[in-house]
Amino acid sequence: MKLSIQNLKQCHGKKEVLYIPQMEFCEGKVYGIIGPNGSGKSTFLRLIAGLEQPISGTIDYNEKNIKQGSVKDVTYMEQKPYMLKRSVYENIAYPLRIRGEEEAAIRNKVNALMDQLELRALEHQNAKSLSGGEAQKVALARAMVFEPALLLMDEPTANLDQKTRKLIENMIRQRHKDPHRITIMVTHDDLSEQKIFDEIIHIEEGKLCILSV
Amino acid sequence: MVDYIIEGIIEGFKLLIGLDQDVYKIIGLSVFVSSISTLLAAIIGVPLGIYTGLKNFPLKTTYARLVYTLMSLPPVVVGLVVALFLSRKGPLGFMGFLYSPTAMIIAQTLLVTPIIVGNIFNHTKEHGLTVYNLGKTLGAGRLERFFLLLSELRVAVLIALVSGLGRAISEVGAVMIVGGNIQGSTRVMTSYIAMNHNMGNYGMSIAMGMVLLVIAFLLNSILYTYMEGEKHETIHTKP
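Chains as they are written, first to last, in numbering that gives the first Met the number 0: chain A, 0 to 212; chain B, 0 to 238.
Below is the structure:
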């Protein structure tokens, strides 16, 4: 599995916000994207997720242009995740329901994730009433529950305490026991989270600057 | 004057309690015509409101202004236009719909559709894209995303439906023109009130007025109860 980018260019209005001539993401790796505010990190993830259409260039996922519609094994977790107007349990179960999984399998997977992320007490609570940190955890569970091959996360630990950050770090490690997966994560906390990254990409003023391992 | 009104109210109660067949026939036709019109308007208006709310297209602002203008379209104007189309010399005159409940349904559908489109368009414009994108990133197909959006906009949809039904059941101009207020055929509550007022039969007018108020109260109560429930509810299928 491979994600490759060629001559990717994006503008917001007349301003060029991102230009990446060429880049490849290989399976089995966790990528961290760092850079100052407004440098184009989130735009980069949104382009890969297919939520924005680039001005020019291509993003190929498994040798298919990602523009070709919603790819079932790619997901994107936003910086401020939207909670569906339903319970925490149903929020996490949603991706499995649309994939037609059986109720027993859904229950097992959702319960396992809720236990891992300490969300059990909130199971029946309306997700709209959650705090920022709790919503972040629910969004993470929702993104991980269907085990996507390509996981894109925009500052997933922004509202979380140290303990939960560690928990998420472990979950990402666990996820990468399957060598065919790619995780790309935008982060501000470059110092504390560098440990989980296999590669770190610096983006500044829409340009890819340093690629460190 | 006060006695006049009190007498009217008493007479109105008598008519309703006495299960007057004509009165209940009129109420039934009113509810039927307005419900079908709202249903048809919802079938057209909900998908159209969602689609136009999500899409970016040239002249979207002009489109929004046009929809908002149509939301306050005068019923008599709609009635007049529909009547012109359905009249014997009109382009759709061959259908023979004028002065029938079908004509009333057509007129009310035209009246209610912009109300539903406008409400749904507004809500979709605000939150729709976020929900739609979330569905996309979780792997939902087009139809699943539509239903996800519909589920997230359920309060807005209910508000639009109640507003539409309220508008349809309470208007008199359009049904009067295209229906003709024919006894036993196209007479509805509002045209009945207008007619009886002209004839000085205040009791009958008040009776129908009370029914209209009760219907409005019931519709708003349903909406209020649902919205209150939404605040506390967790939609959960217990495993």
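By construction, the Cβ of each residue, glycine as well, lies at the ideal position given by its N, Cα and C atoms. What you are looking at is a predicted structure, and each value in this text was computed from that prediction instead of being measured.
Open item on the list: Just to check my reading of the structure: residue 142 (chain B) and residue 123 (chain B) have Cβ atoms closer than 8 Å, yes? What is that Cβ distance to the nearest angstrom?
Closed with: Residue 142 (chain B) sits at position 143 when you count from the first residue of the second sequence. Residue 123 (chain B) sits at position 124 when you count from the first residue of the second sequence. 16 Å between Cβ atoms; not a contact.
- [ ] Check whether the stretch 46-55 of chain A touches the stretch 196-209 of chain A, counting contact only when three or more Cβ pairs, one atom from each stretch, lie closer than 8 Å.
- [x] no
TODO: Please name the residues in the stretch 130-151 of chain B whose beta-carbon is closer than 9 Å to at least one beta-carbon of chain A, in chain order.
DONE: 130, 132, 133, 134, 135, 136, 137, 138, 139, 140, 141, 143, 144, 147, 150, 151
Task: Reduced DSSP secondary structure (H/G/I, E/B, other) of residue 154 (chain A) - done: In the first sequence, the residue the question calls residue 154 (chain A) occupies position 155. Coil.
- [ ] Please confirm if residue 94 (chain A) has its CB atom under 7 Å from at least one CB of chain B.
- [x] As a working mapping, residue 94 (chain A) is identified with position 95 in the first sequence. With 7 Å as the cut-off, residue 94 (chain A) counts as an interface residue toward chain B.
TODO: Could you tell me whether the Cβ atoms of residue 171 (chain B) and residue 193 (chain B) are closer together than 7 Å?
DONE: Counting from one through the second sequence, the residue named residue 171 (chain B) turns up at place 172. Counting from one through the second sequence, the residue named residue 193 (chain B) turns up at place 194. It is a contact, given that the beta carbons lie within the stated cut-off.
TODO: Take the Cβ of residue 21 (chain A) as the centre, count every other Cβ of all protein chains shown within 10 Å, and call the residue buried at 16 or more, exposed below.
DONE: The count along the first sequence starts at 1 and reaches residue 21 (chain A) at position 22. Exposed, because fewer than 16 other Cβ atoms sit within 10 Å of the Cβ of residue 21 (chain A).
Task: Cβ neighbour criterion (16 or more within 10 Å) applied to residue 2 (chain B) - done: Sequence index remark: in the second sequence, residue 2 (chain B) carries index 3 (1-based). Exposed: under 16 other Cβ atoms inside 10 Å.
Open item on the list: Quick check on residue 5 (chain A): does DSSP put it in helix, strand or coil?
Closed with: If you number the first sequence from 1, residue 5 (chain A) lands on position 6. Residue state, collapsed to three classes: strand.
- [ ] Anything in chain B within Cβ reach of residue 145 (chain A), meaning under 9 Å, just list it in chain order.
- [x] Residue 145 (chain A) sits at position 146 when you count from the first residue of the first sequence. What residue 145 (chain A) touches in chain B: 137, 138.
Open item on the list: Distance cutoff 7 Å, beta carbons only. Does residue 50 (chain A) sit that close to anything in chain B?
Closed with: What you label residue 50 (chain A) is simply residue 51 of the first sequence in a count that begins at 1. Yes, residue 50 (chain A) lies at the interface with chain B (some Cβ there is under 7 Å from its Cβ).
TODO: Answer yes or no: does any C-beta atom of chain B fall closer than 7 Å to that of residue 75 (chain A)?
DONE: Taking the first residue of the first sequence as position 1, residue 75 (chain A) is located at position 76. Closer than 7 Å: yes.
- [ ] Mind listing the chain B neighbours of residue 141 (chain A)? Cutoff is C-beta to C-beta under 8 Å, in chain order.
- [x] Indexing the first sequence from 1 puts residue 141 (chain A) at position 142. Simply 137.
Task: Residue closest to residue 12 (chain B), alpha-carbon to alpha-carbon, out of B:204, B:215, B:217, B:223 - done: Sequence index remark: in the second sequence, residue 12 (chain B) carries index 13 (1-based). If we check each option's Cα against that of residue 12 (chain B), B:204 comes out closest.
Task: 8 Å contact criterion, which residue 147 (chain A) and residue 74 (chain A) should meet: CB distance rounded - done: Mapped onto the first sequence, residue 147 (chain A) falls at position 148. Mapped onto the first sequence, residue 74 (chain A) falls at position 75. Going by Cβ atoms, the distance from residue 147 (chain A) to residue 74 (chain A) rounds to 4 Å, so yes, they are a contact pair.
TODO: Specify the secondary structure class of residue 34 (chain B) as computed by DSSP and reduced to three states.
DONE: For the purposes of this step, residue 34 (chain B) is taken as residue 35 along the second sequence, with counting starting at 1. Three-state result, residue 34 (chain B): helix.
TODO: Going by DSSP, name the residue or residues bridged to residue 11 (chain A).
DONE: As a position in the first sequence, residue 11 (chain A) is number 12, starting the count at 1. A:14.
TODO: From the DSSP output, in three-state form, read off residue 79 (chain A) for me.
DONE: Residue mapping note: residue 79 (chain A) aligns to position 80 of the first sequence, counting from 1. Residue 79 (chain A) falls in the coil class under three-state DSSP.
Task: For residue 107 (chain B) and residue 220 (chain B), believed in contact at Cβ under 8 Å, the rounded distance - done: Residue numbering aside, residue 220 (chain B) sits at position 221 when the second sequence is read from its first letter. Residue numbering aside, residue 107 (chain B) sits at position 108 when the second sequence is read from its first letter. Between residue 107 (chain B) and residue 220 (chain B) the Cβ distance is about 23 Å, and since that is not below 8 Å, they are no contact.
Open item on the list: Tell me the rounded alpha-carbon separation between residue 136 (chain B) and residue 76 (chain A).
Closed with: Residue mapping note: residue 136 (chain B) aligns to position 137 of the second sequence, counting from 1. Residue mapping note: residue 76 (chain A) aligns to position 77 of the first sequence, counting from 1. Their Cα atoms are separated by approximately 8 Å.
TODO: Please report the residue range of the beta strand (DSSP E) in which residue 32 (chain A) lies.
DONE: As a working note, residue 32 (chain A) is residue 33 in the first sequence. First-last of the beta strand (DSSP E) with residue 32 (chain A): 29-33.
TODO: Taking only beta-carbon positions, decide if residue 234 (chain B) is within less than 7 Å of chain A.
DONE: As a first step, residue 234 (chain B) is located in the second sequence; it is residue number 235 there, counting from the start. Per-residue confidence for residue 234 (chain B) stands at a pLDDT of 46, beneath the threshold of 50, marking its modelled position as unreliable; the derived number appears in the next sentence. It does: the Cβ of residue 234 (chain B) has a partner Cβ on chain A nearer than 7 Å.
Task: Whole-number beta carbon distance between residue 110 (chain B) and residue 72 (chain B), since they are thought to touch under 8 Å - done: On the second sequence, position 73 is the one that residue 72 (chain B) refers to. On the second sequence, position 111 is the one that residue 110 (chain B) refers to. About 6 Å; that satisfies the 8 Å criterion.
Open item on the list: Across the stretch 86-98 of chain A and the stretch 120-127 of chain A, are there enough close Cβ pairs to call them in contact, namely three or more that are closer than 8 Å?
Closed with: yes
Open item on the list: Judging by CA-CA distance, which residue of A:105, A:134, A:101, A:102 is the nearest neighbour of residue 117 (chain A)?
Closed with: Indexing the first sequence from 1 puts residue 117 (chain A) at position 118. Looking at the Cα atoms, A:134 is the closest of the given residues.
Task: C-beta contact flag for residue 163 (chain B) and residue 115 (chain B) at 7 Å - done: The sequence position of residue 163 (chain B) within the second sequence is 164, counting from 1. The sequence position of residue 115 (chain B) within the second sequence is 116, counting from 1. A contact, by the Cβ cut-off of 7 Å.
TODO: Measure how close the beta-carbons of residue 147 (chain B) and residue 130 (chain B) come, nearest whole angstrom, since I'm counting them as under 8 Å.
DONE: Here residue 147 (chain B) refers to the residue found at position 148 when the second sequence is read from its first residue. Here residue 130 (chain B) refers to the residue found at position 131 when the second sequence is read from its first residue. Right, their Cβ atoms sit about 6 Å apart.
Open item on the list: Does the structure place the stretch 3-22 of chain B close enough to the stretch 196-203 of chain B that three or more beta carbon pairs sit under 8 Å?
Closed with: yes
- [ ] Verify the CB distance criterion: does residue 32 (chain A) have a CB-CB separation below 7 Å to chain B?
- [x] On the first sequence, position 33 is the one that residue 32 (chain A) refers to. No - not a single Cβ of chain B is within 7 Å of the one on residue 32 (chain A).
TODO: Classify residue 179 (chain A) as buried or exposed, calling it buried when 16 or more other Cβ atoms lie within 10 Å of its own Cβ.
DONE: Within the first sequence, residue 179 (chain A) is the residue found at index 180, counting from 1. Residue 179 (chain A) is exposed by the Cβ-count criterion.
Open item on the list: Can you tell me whether residue 20 (chain A) is helix, strand or coil according to DSSP?
Closed with: Numbered from 1 along the first sequence, position 21 holds the residue referred to as residue 20 (chain A). Three-state DSSP puts residue 20 (chain A) in a strand.
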